[in-house]
Amino acid sequence: MRIASTQYHTTMNTALQGANEKANAMLQRMATGQRMLVPSEDPVSQVRLMRLGREEAAIDQYRKNIETLNSRLEQNESHLSNIVNDSMDARDLLVWALNGSNAPEDLKAMVSSFDALRESILYTANTRDREGRYLFSGTAIDTAPIRYDPAQPVGSRYTFAGNTQEQAVAVGSGVTQPANVSLPEVAALLNHLEQAGATMATSGVNVNDPAVRATLTAALDGLDASKNSIDTQIARQGGRRNILEALDGNHADVSLSNQTAALTIAQLDYGDAAVKLNGYTLAVEATQKAYAKVSGLSLFNLL
Numbered sequence: 001m002r003i004a005s006t007q008y009h010t011t012m013n014t015a016l017q018g019a020n021e022k023a024n025a026m027l028q029r030m031a032t033g034q035r036m037l038v039p040s041e042d043p044v045s046q047v048r049l050m051r052l053g054r055e056e057a058a059i060d061q062y063r064k065n066i067e068t069l070n071s072r073l074e075q076n077e078s079h080l081s082n083i084v085n086d087s088m089d090a091r092d093l094l095v096w097a098l099n100g101s102n103a104p105e106d107l108k109a110m111v112s113s114f115d116a117l118r119e120s121i122l123y124t125a126n127t128r129d130r131e132g133r134y135l136f137s138g139t140a141i142d143t144a145p146i147r148y149d150p151a152q153p154v155g156s157r158y159t160f161a162g163n164t165q166e167q168a169v170a171v172g173s174g175v176t177q178p179a180n181v182s183l184p185e186v187a188a189l190l191n192h193l194e195q196a197g198a199t200m201a202t203s204g205v206n207v208n209d210p211a212v213r214a215t216l217t218a219a220l221d222g223l224d225a226s227k228n229s230i231d232t233q234i235a236r237q238g239g240r241r242n243i244l245e246a247l248d249g250n251h252a253d254v255s256l257s258n259q260t261a262a263l264t265i266a267q268l269d270y271g272d273a274a275v276k277l278n279g280y281t282l283a284v285e286a287t288q289k290a291y292a293k294v295s296g297l298s299l300f301n302l303l
């Protein structure tokens, strides 16, 4: 069968072009380290890589949320500890005030320290973050949690204006943790302290008067109840941080597994690639030699 020169040249050029394209593609793979240059080369593997990529993006967001939430919980714990410390100082003053040997002047001398501690507790309870959002008002982040109304009688001027709803933060697939703490008990604490301070400041007050002792004792009991409640909140912050630490460790393990799987799927086997590249190069060289040799032949070579 005769083959026309034009057909022969076309066939050889196509073969050379195909071999060169394979060699160039392999060089590109070796340069990038990727086994696949386009998704169509291995659709199944591409789907797996996309799934791993989505999962990795979600894990990355969860870990960022955990980092932010950890910082918030540390901040909460610090402020709550300050309230507990002020409460303990106020408690010491109340215990001292209940000493039956105190004269009216002794009680009055305690009032300034007592009021300063009450103001400090109020200030801490109404703390805001860097964005101006209140930390302890539940989800009512634009409302100060503790409101003071001087028009009300002493002992009922402080009210809780926030709510007890939780600010849930996603830290895993279907897993959330609260970021906030609500402090409704602080309003009652402040009312007890204000009532006790006003009683101690009364001219000629007698600490052995049953009504006076009842007021101071009620303040002491209210302070203890509030302190115990806040101590529980502090313990919860620590428990949540332990949970977050465990979750973050799990996320890190899954992330490492995903990255390893993605490398296994997408990473080029350089040993195999080198063998294939060598084969493509030899094919190009052999085709070029054959083409050159055959192209140089004519009928005159047979004469």
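Quick note: the sequence shown uses full-length UniProt numbering, first residue 1, plus one each step. We put the beta carbon where it would ideally sit given N, CA and C, even for glycine.
- Per DSSP, Ile141 lies in no beta strand (DSSP E) segment and is marked neither H nor E.
- The segment 208-220 and the segment 164-173 do not touch, with fewer than 3 CB-CB distances between them shorter than 8 Å.
- DSSP assignment within the segment 125-189 yields the following whole beta strand (DSSP E) runs of 3 residues or more, N-terminal first: 146-148, 158-160, 168-172 and 175-178.
- Straight-line measurement puts the Cα of Thr202 at about 41 Å from the Cα of Glu74.
- Under the three-pair Cβ rule at 8 Å, the segment 113-121 counts as touching the segment 175-193.
- Classified as buried, Asp86 has 16 or more neighbouring CB atoms from the shown chains inside 10 Å of its CB.
- The alpha carbon of Gln237 has as its nearest neighbour, out of Val111, His79, Leu52 and Asp248, the alpha carbon of His79.
- Ranked by how close their Cα comes to the Cα of Leu94, the residues Asn180, Ile146 and Ala198 have Ala198 in first place.
- Judged by DSSP secondary structure, Asn99 falls outside any alpha helix (DSSP H); it is assigned neither H nor E.
- Taking Ile234 as the centre and dropping the five residues before and after it, the same chain places the C-beta of Glu77 and Leu80 closer than 6 Å to its C-beta, in chain order.
- With contact defined as three or more Cβ pairs closer than 8 Å, the segment 176-186 and the segment 123-137 are in contact.
- When the alpha-carbon of Tyr148 is set against those of Ala57, Ala187 and Gly132, the nearest one is in Ala187.
- Tyr158 and Ile146 do touch by the CB rule: their CB atoms are close to 6 Å apart, below 8 Å.
- Closest by C-alpha distance to Leu263, out of Ser101, Gly53 and Leu247, is Gly53.
- In this structure, the beta-carbon distance from Ala179 to Leu69 falls below 8 Å.
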